[in-house]
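Visitor:
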């Protein structure tokens, strides 16, 4: 029998002790909206996304780069930031708005999780819109998997846990896995909510915040399972996200 | 239509921001094993349980009390503590071992959650063994409910989340509820694991730790839904747990 593969879910970045991801593959999830937006941006032709945890850090970094090729983007509490070029709505990221540019991105939850994932040997960015492509990358990799959910303002997020559970579901189908308790909770969440994706995203706290701000269309956009076949991957020196792999063999969504 | 009742689950004590429980009813859960043990101890005739987060604090408190009527009890990592009278196995708590005594208790996860719950207006202790009795107390109370899971050494625990979900399930049956995302995850967990309680406890991380230490019987004991009809309740000045209510109208477990 082949050895069990380690698959751990971390429902919030702060729930993963420092060093936990070392030697593993991290999968960063912030469905509403950073990870969905990053996929959209790379599909639209962005060269790279530079994640910054803090607003001033993003401003300093963008200021130090060559103007015209850099866009300052992000949000706090879901709302765009004054003086920034773009917000955090995936629909803003079209070839017209961002092709050929580097994006300096700071968001409430997602960019912190991305920076945290840098300790892993490899780090991918997952959303529903690139689900099967991410799963295939994980199948081709034997290292322990750490699925890192960004959450919503320090609280666990239904939509991130749901996608984490969908990835656990697919990995469990393919091989023997050793799950932590959070991975079992995430799997349960996928079992119950996977067939009603949009409804789950709408009742989630993150979804409620977006609906209040008028971003209903972003929720529908975030639900489009396998719309794209591209996997964003974290690169180093400097820390940035670029296109890691493109293409899928088959659709893996079970519901 | 009656107003929605607020029902929040907190998967770990540190995930609830300070002040969150003020004005509400807290329900503290540490299925393996502190909350199960506390129910057993009160049923066996313990007068009160004094929860202490730290070992030295427990020793000092027990030392300051009248000998013969006080028992020093607890564990770290599941194992009994040197020099302590009792461990944290519910089976140790018989009328012979503890009737008429005050228990000074310190455990790895549970007693910290109990101390944290003291900020609520009212705090109850829940286990599977007193499930319906706790639910009935919550039905008779209109305040917001905060279900606080102790977790296992800083990680979310399947068994605590499962019981939290069972309570969410019962409250949702009775009235309109406003749930946070963690409450939805807990409910999903109950949906999937509620019919296989012992199996869930055995695969959980806390269950694995106990099995390694030879406490398999404690897991079976913790699964005995509604074995008792007693609700431990936190009292103040000094902070202690005593029998709050006894009796149930009906069994509420749905699986």
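Chains as they are written, first to last, in this note's numbering: chain A, 1 to 255; chain B, 1001 to 1255.
Think of the CB as a built atom: it goes at the ideal place given N, C-alpha and C, for glycine as much as any other residue.
1. Do you know whose CA, among B:1096, B:1087, B:1123 and B:1238, lies nearest residue 1107 (chain B)'s CA?
2. Does the stretch 1024-1032 of chain B come close enough to the stretch 1143-1162 of chain B that 3 or more CB-CB pairs lie under 8 Å?
3. Please give me, in chain order, every unbroken run of the beta strand (DSSP E) with length at least 3 that falls completely inside the stretch 28-74 of chain A.
4. For residue 1157 (chain B), would you say it is in contact with chain A, using Cβ-to-Cβ distances shorter than 8 Å as the test?
5. Closer than 9 Å, Cβ to any Cβ of chain B: which residues of the stretch 186-211 of chain A, in chain order?
6. Any idea what DSSP makes of residue 1083 (chain B), helix, strand or coil?
7. Taking just the CA atoms, how far does residue 1115 (chain B) sit from residue 1185 (chain B)?
8. Using 8 Å as the limit for Cβ to Cβ distance, is residue 11 (chain A) near chain B?
9. Starting from residue 1166 (chain B), find everything on chain A with Cβ-Cβ shorter than 7 Å and list it in chain order.
10. With distance defined between alpha-carbon atoms, name the residue in A:249, A:48 and A:8 nearest to residue 132 (chain A).
11. Just grab the DSSP bridge partners of residue 1213 (chain B) for me.
12. Within this structure, are the beta carbons of residue 1230 (chain B) and residue 1130 (chain B) separated by less than 8 Å?
13. For residue 70 (chain A) versus residue 62 (chain A), is the C-beta spacing smaller than 8 Å?
14. Which first and last residues belong to the beta strand (DSSP E) in which residue 1106 (chain B) is found?
15. Can you tell me which residues form a DSSP beta bridge with residue 1147 (chain B)?
16. Ordered along the chain, which non-local residues of its own chain (more than five positions away) have a Cβ less than 6 Å from that of residue 235 (chain A)?
17. Could you tell me which uninterrupted beta strand (DSSP E) segments, each at least 3 residues in length, are contained entirely in the stretch 112-188 of chain A, listed from first to last along the chain?
18. At a Cβ threshold of 8 Å, is residue 1181 (chain B) touching chain A?
19. Nearest-angstrom Cα distance between residue 1205 (chain B) and residue 207 (chain A)?
20. Closer than 9 Å, Cβ to any Cβ of chain B: which residues of the stretch 24-41 of chain A, in chain order?
Guide: Let's see:
1. Out of B:1096, B:1087, B:1123 and B:1238, B:1087 has the C-alpha closest to the C-alpha of residue 1107 (chain B).
2. Look at the beta carbons and you see the stretch 1143-1162 of chain B touching the stretch 1024-1032 of chain B: at least three pairs across the two are nearer than 8 Å.
3. For the stretch 28-74 of chain A, the continuous beta strand (DSSP E) assignments of 3+ residues that do not extend past its boundaries occur at 48-51, in sequence order.
4. Interface residue (Cβ-Cβ distance to chain A less than 8 Å): residue 1157 (chain B) is classified as such.
5. Going along the stretch 186-211 of chain A in chain order, one finds 186, 187, 188, 189, 190, 191, 192, 193, 200, 203, 204, 205 and 206 with a Cβ nearer than 9 Å to chain B.
6. Coil, per DSSP.
7. One Cα belongs to residue 1185 (chain B), the other to residue 1115 (chain B), and the distance between them is close to 25 Å.
8. For residue 11 (chain A), at least one C-beta of chain B is nearer than 8 Å to its own C-beta.
9. Within 7 Å Cβ-Cβ: nothing; residue 1166 (chain B) doesn't reach chain A, min ~13 Å.
10. For the residues A:249, A:48 and A:8, the minimum Cα distance to residue 132 (chain A) belongs to A:249.
11. None; residue 1213 (chain B) has no bridge partner.
12. Taking 8 Å as the cut-off, the Cβ atoms of residue 1230 (chain B) and residue 1130 (chain B) count as close.
13. Contact: yes.
14. It spans 1102-1106 - the beta strand (DSSP E) in which residue 1106 (chain B) sits, taken as one unbroken run.
15. B:1009 and B:1027.
16. The answer, listed in chain order, is 242.
17. Every beta strand (DSSP E) of 3 residues or more that sits fully in the stretch 112-188 of chain A is shown, in chain order, as 122-126, 145-149 and 177-179.
18. Output row for residue 1181 (chain B): interface = yes.
19. Looking at the backbone, the Cα of residue 1205 (chain B) and that of residue 207 (chain A) are separated by about 31 Å.
20. Correct list: empty, as no residue qualifies.
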